[in-house]
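Take a look at the structure set out below.
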Amino acid sequence: MTLVPPSLPDTLPFTKMHGSGNDFVLLDHRTLAIPEASLAHLVRGMCRRRLGIGADGVILIESPKAEHAGTDFHWRYFNADGSVGELCGNGAMCGARFAWMQGIAPARCRFSTMSGMVEAEVFTGSGDSRVTVDLVDSSPIRQDVFIEGHRFDTVTIGVPHAVTVVDDADAFASDADFDAFGRSIRQHPAFAPAGVNVDVIHCIDSHTIRMRTYERGVEAETLACGTGASASAVLAAVRGLVTPPVTVMTSSGRPVEVDFIRRGDTAIRIRLTGEACTVATGHVLTGGIQ
Numbered sequence: 001m002t003l004v005p006p007s008l009p010d011t012l013p014f015t016k017m018h019g020s021g022n023d024f025v026l027l028d029h030r031t032l033a034i035p036e037a038s039l040a041h042l043v044r045g046m047c048r049r050r051l052g053i054g055a056d057g058v059i060l061i062e063s064p065k066a067e068h069a070g071t072d073f074h075w076r077y078f079n080a081d082g083s084v085g086e087l088c089g090n091g092a093m094c095g096a097r098f099a100w101m102q103g104i105a106p107a108r109c110r111f112s113t114m115s116g117m118v119e120a121e122v123f124t125g126s127g128d129s130r131v132t133v134d135l136v137d138s139s140p141i142r143q144d145v146f147i148e149g150h151r152f153d154t155v156t157i158g159v160p161h162a163v164t165v166v167d168d169a170d171a172f173a174s175d176a177d178f179d180a181f182g183r184s185i186r187q188h189p190a191f192a193p194a195g196v197n198v199d200v201i202h203c204i205d206s207h208t209i210r211m212r213t214y215e216r217g218v219e220a221e222t223l224a225c226g227t228g229a230s231a232s233a234v235l236a237a238v239r240g241l242v243t244p245p246v247t248v249m250t251s252s253g254r255p256v257e258v259d260f261i262r263r264g265d266t267a268i269r270i271r272l273t274g275e276a277c278t279v280a281t282g283h284v285l286t287g288g289i290q
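Okay, so the sequence shown: first residue is 1 according to the numbering used here, each after it adds one.
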């Protein structure tokens, strides 16, 4: 028997944005009457490409939590499959710009997430779509996971990532083969039960890397991943391959910049800078969500 989620409002105002190619639907959830039990169903429907709006995830901007004094808003993230995401770097950038555009927060803002506090700066000059977010510190890097002939270094920056260095990330696999490879690593027992995001990188020079990411929750390669870019840059620095700041070339062709201070096999003061652009605004008819 299929459970029918609680009823939704007939229409919901939304904003579609992308962060360097990582795309999201944003909802001002401060006053919307969306039943909590309906959120996963709504997210899956809105994110479904061709049948919905299409996105890698949904971001809810909510009123500040009483326990988080001094914050401008609370940020919640859902992956395209309806699962909860603790943090998303590009999503944090889009959330900050959305909050500034809606008058919810100033250009320099602070907001709470499941992974901790994030500070952001929205660049407001004409034609400047950049946003900088200060992310949580990285976990210590684990350097002893070998799967399918590849060495994976694992690091958590809000969410877990497994990173492998190859000669050429673009030639590593076709799109379909990359998804199959990413899925096998994401579901590997070494990362059970939560699974992991998978990043394949190669170094271009001492300050630049190329990255491809298979994202859990999307279950496919995405055009960009902010936490993946941060994890990949930190890992490459710990391996002695690059020195911060690091420019990360994403699959969208749009670069993001990661700066940080290395502390042994961890990193602190991680700052991610990329673009956060509005694509469309409108109303979704919830009766069409499948």
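Think of the CB as a built atom: it goes at the ideal place given N, C-alpha and C, for glycine as much as any other residue.
For clarity, every value in this text was computed on a predicted model and none was experimentally measured.
How many angstroms separate the CA atom of residue i from the CA atom of residue j?
{"i": "Asn22", "j": "Gly264", "result": "30 angstroms"}
{"i": "Leu241", "j": "Ala190", "result": "25 angstroms"}
{"i": "Thr2", "j": "Leu39", "result": "For Thr2, the predicted model reports a pLDDT of 46, less than 50, meaning its position is unreliable; a value from the coordinates is still stated below. Straight-line Cα distance between these residues: approximately 16 angstroms."}
{"i": "Leu272", "j": "Ser230", "result": "7 angstroms"}
{"i": "Leu60", "j": "Glu86", "result": "13 angstroms"}
{"i": "Gly127", "j": "Gly274", "result": "14 angstroms"}
{"i": "Gly149", "j": "Leu42", "result": "40 angstroms"}
{"i": "Phe152", "j": "Val145", "result": "5 angstroms"}
{"i": "Asp72", "j": "Leu27", "result": "16 angstroms"}
{"i": "Val198", "j": "Lys65", "result": "32 angstroms"}
{"i": "His29", "j": "Pro255", "result": "30 angstroms"}
{"i": "Ile204", "j": "Asp168", "result": "9 angstroms"}
{"i": "Met262", "j": "Ser232", "result": "Looking at the sequence itself, residue 262 is Arg, so the reference to Met does not match. Cα-Cα distance, rounded: 13 angstroms."}
{"i": "Leu135", "j": "Gly19", "result": "15 angstroms"}
{"i": "Ala280", "j": "Leu235", "result": "35 angstroms"}
{"i": "Pro106", "j": "Asp177", "result": "43 angstroms"}
{"i": "Thr213", "j": "Ile270", "result": "19 angstroms"}
{"i": "Ile34", "j": "Gln143", "result": "43 angstroms"}
{"i": "Gly226", "j": "Ala192", "result": "23 angstroms"}
{"i": "Thr154", "j": "Arg186", "result": "12 angstroms"}
{"i": "Val131", "j": "Gly91", "result": "11 angstroms"}
{"i": "Phe78", "j": "Gly253", "result": "25 angstroms"}
{"i": "His74", "j": "Glu219", "result": "26 angstroms"}
{"i": "Ile268", "j": "Ala224", "result": "22 angstroms"}
{"i": "Asp175", "j": "Gly82", "result": "23 angstroms"}
Would you call residue i buried or exposed, if buried means 16 or more other Cβ atoms sit within 10 Å of its Cβ?
{"i": "Ile201", "result": "buried"}
{"i": "Thr250", "result": "buried"}
{"i": "Pro160", "result": "buried"}
{"i": "Gly228", "result": "buried"}
{"i": "Arg50", "result": "exposed"}
{"i": "Leu32", "result": "exposed"}
{"i": "Ser206", "result": "exposed"}
{"i": "Asp56", "result": "buried"}
{"i": "Val163", "result": "buried"}
{"i": "Ile289", "result": "buried"}
{"i": "Lys16", "result": "buried"}
{"i": "Gly125", "result": "exposed"}
{"i": "Ala37", "result": "exposed"}
{"i": "Gly158", "result": "buried"}
Could you round the C-beta distance between residue i and residue j to whole angstroms and report it? I think they count as a contact, below 8 angstroms.
{"i": "Thr11", "j": "Val284", "result": "7 angstroms"}
{"i": "Glu67", "j": "Arg76", "result": "Glu67 to Arg76, Cβ: 15 angstroms. No contact."}
{"i": "Val133", "j": "Gly89", "result": "7 angstroms"}
{"i": "Gly217", "j": "Phe14", "result": "Rounded, the Cβ-Cβ distance is 19 angstroms, inconsistent with contact."}
{"i": "Thr156", "j": "Ser139", "result": "4 angstroms"}
Look at residue i and residue j and say whether their C-beta atoms are less than 8 angstroms apart.
{"i": "Phe111", "j": "Val58", "result": "no"}
{"i": "Val258", "j": "Met211", "result": "no"}
{"i": "Gly45", "j": "Gly54", "result": "no"}
{"i": "Thr266", "j": "Asp170", "result": "no"}
{"i": "Thr208", "j": "Leu8", "result": "no"}
{"i": "Glu221", "j": "Asp179", "result": "yes"}
{"i": "Arg108", "j": "Val165", "result": "no"}
{"i": "Cys277", "j": "Ser184", "result": "no"}
{"i": "Pro244", "j": "Ala237", "result": "yes"}
{"i": "Phe181", "j": "Ala173", "result": "yes"}
{"i": "Ala80", "j": "Cys47", "result": "yes"}
{"i": "Ile147", "j": "His188", "result": "yes"}
{"i": "Val84", "j": "Trp100", "result": "no"}
(Q) With three or more C-beta pairs closer than 8 angstroms as the rule, is the region 91-101 touching the region 117-126? (A) yes
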